[in-house]
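**Student:** Okay, so the sequence shown: first residue is 81 according to the numbering used here, each after it adds one. Handing you this structure, nothing more for now.
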Amino acid sequence: MITTCQQFLISHARASGVFALVLAAVTVGCSQPPGPETGYVTGVVTLDGKPIDKAVVTFEPANARPSVGFTDANGRYELIFTASRNGAVLGEHQVRITSAADAGGGEGGQPLVAARKETIPTKYNAKTELTAQVDSGSNTIDFDLKTK
Numbered sequence: 081m082i083t084t085c086q087q088f089l090i091s092h093a094r095a096s097g098v099f100a101l102v103l104a105a106v107t108v109g110c111s112q113p114p115g116p117e118t119g120y121v122t123g124v125v126t127l128d129g130k131p132i133d134k135a136v137v138t139f140e141p142a143n144a145r146p147s148v149g150f151t152d153a154n155g156r157y158e159l160i161f162t163a164s165r166n167g168a169v170l171g172e173h174q175v176r177i178t179s180a181a182d183a184g185g186g187e188g189g190q191p192l193v194a195a196r197k198e199t200i201p202t203k204y205n206a207k208t209e210l211t212a213q214v215d216s217g218s219n220t221i222d223f224d225l226k227t228k
């Protein structure tokens, strides 16, 4: 026959075991991938109020790898940090937006697709004046570029 004291010990042992399993599952399931902490970044790029299609958006932090995104027909982009991670590292970034990017990967180092004529003013790419702050969590960062 099990005494009241033994029942108490058994029930607490079971509860502790379940708690330990839940804690382990939560810890493993919520862990970040290795590398710097990133924030999810999306936004819209327009030039004189019109969406820019097929632009390359690059966020360049001071001391980490850059993140890149490509605009769709609506000017919307989503940054990619690595092949398996979206977003950009936290902190201040210099931002470059270009419409004249080559698509690499051709034979002998030649681009698969030749660069298009740059339609975005150099103050947004080669001589960029754009900056952005990436914070933890979701970030919506829109760019309304002007030709003048």
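Cβ atoms here follow ideal geometry from the backbone N, Cα and C, with glycine treated the same way.
Output yes or no for whether 8 angstroms exceeds the beta carbon distance between residue 170 and residue 218.
**Tutor:** The residue you call residue 170 lines up with position 90 of the sequence shown. The residue you call residue 218 lines up with position 138 of the sequence shown. Result no, Cβ atoms of residue 170 and residue 218 do not sit closer than 8 angstroms.
**Student:** Three or more C-beta pairs under 8 angstroms: does that hold for the region 135 to 149 against the region 174 to 181?
**Tutor:** They touch, by the three-pair rule.
**Student:** Check whether the Cβ atoms of residue 155 and residue 125 lie closer than 8 angstroms to each other.
**Tutor:** Position 75 of the sequence shown holds residue 155. Position 45 of the sequence shown holds residue 125. Taking 8 angstroms as the Cβ cut-off, residue 155 and residue 125 qualify as a contacting pair.
**Student:** For residue 167, is the classification buried or exposed, using 16 other Cβ atoms within 10 angstroms of its Cβ as the cut-off for buried?
**Tutor:** Within the sequence shown, numbered from 1, the residue matching residue 167 stands at position 87. The residue is buried, with at least 16 neighbouring Cβ atoms inside 10 Å.
**Student:** Which first and last residues belong to the beta strand (DSSP E) in which residue 212 is found?
**Tutor:** In the sequence shown, counting from the first residue as 1, residue 212 sits at position 132. Run containing residue 212: 210 to 214, per the beta strand (DSSP E) assignment.
**Student:** State the Cα-Cα distance for the pair residue 225 and residue 209, rounded to the nearest angstrom.
**Tutor:** Reading the sequence shown from its first residue, position 145 is the one you call residue 225. Reading the sequence shown from its first residue, position 129 is the one you call residue 209. Those two C-alpha atoms are separated by around 11 angstroms.
**Student:** Check this for me: beta carbons of residue 131 and residue 163, under 8 angstroms apart or not?
**Tutor:** Taking the first residue of the sequence shown as position 1, residue 131 is located at position 51. Taking the first residue of the sequence shown as position 1, residue 163 is located at position 83. No, the Cβ-Cβ distance between residue 131 and residue 163 is not below 8 angstroms.
**Student:** With a 10 Å radius around its C-beta and 16 neighbouring C-beta atoms as the bar for buried, classify residue 143 as buried or exposed.
**Tutor:** Locating residue 143 in the sequence shown gives position 63, where the first residue counts as 1. Label assigned to residue 143: exposed.
**Student:** Could you tell me the boundaries of the beta strand (DSSP E) in which residue 126 lies?
**Tutor:** Stepping through the sequence shown from its first residue, residue 126 is reached at position 46. Looking at the DSSP string, the run of the beta strand (DSSP E) that includes residue 126 is 118 to 127.
**Student:** Buried or exposed for residue 227, please, with buried defined as at least 16 other CB atoms from any protein chain shown within 10 angstroms of its CB.
**Tutor:** The residue given as residue 227 occupies position 147 in the sequence shown. Exposed, because fewer than 16 other Cβ atoms sit within 10 Å of the Cβ of residue 227.
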